[in-house]
Amino acid sequence: MRIIAKRSLLEFSKFHPDSRQSLLTWHEEARCAAWIAPRGIKARYASTSFVGRNRVVFNIGGNKYRLIVAVAYRLGVVHVKFIGTHLDYDRIDAATVEME
3 MRIIAKRSLL EFSKFHPDSR QSLLTWHEEA RCAAWIAPRG IKARYASTSF
53 VGRNRVVFNI GGNKYRLIVA VAYRLGVVHV KFIGTHLDYD RIDAATVEME
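In this note's numbering, the protein residues as written are 3 to 102.
This is the structure we're talking about:
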């Protein structure tokens, strides 16, 4: 998969250093994946949640952080929409949030 907005993950990890390894691992796994449907994601990441038509919520760093992406399965593209703490996540709408 092609990952859009890796820089956002790296920037976030500067402020939350304990998230860095988990985010880099997720990025590498997602980059090497070939997801064609949500079931492919769920098979690898059992704790994921699906919001709306194409959004996926991943638990990162032992469920300390949340990563929301939009997946364009046909194009093989994953676009990072949000990365934050659980408190940050509770303040947003996962179905509509966009990176600032």
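Quick reminder that beta carbons are idealized off the backbone N, C-alpha and C, glycines included. Since the structure is predicted, the reported quantities are computational estimates derived from the model, not experimental observations.
- Counting C-beta atoms within 10 angstroms of its own C-beta, Ile38 has fewer than 16 neighbours from the protein chains shown and is therefore classed as exposed.
- DSSP, read as helix, strand or coil, puts Ile85 in strand.
- Beta-bridge partners of Arg4 (DSSP): Val79.
- Here Ala48 is exposed: its Cβ has fewer than 16 other Cβ atoms, across all protein chains shown, within 10 Å.
- For Ala74, there is no enclosing alpha helix (DSSP H); the residue is found in the beta strand (DSSP E) stretching over 67-74.
- Considered as a whole, the region 26-56 harbours 40-46 as its complete alpha helix (DSSP H) runs of no fewer than 4 residues, in chain order.
- A check of alpha carbon separations from Cys34 across Phe14, Ile85, Ile5, Ala72 identifies Ile5 as the nearest.
- The beta carbon of Gly86 is closer than 7 Å to those of Tyr67, Arg68 in its chain, skipping five residues each way along the sequence.
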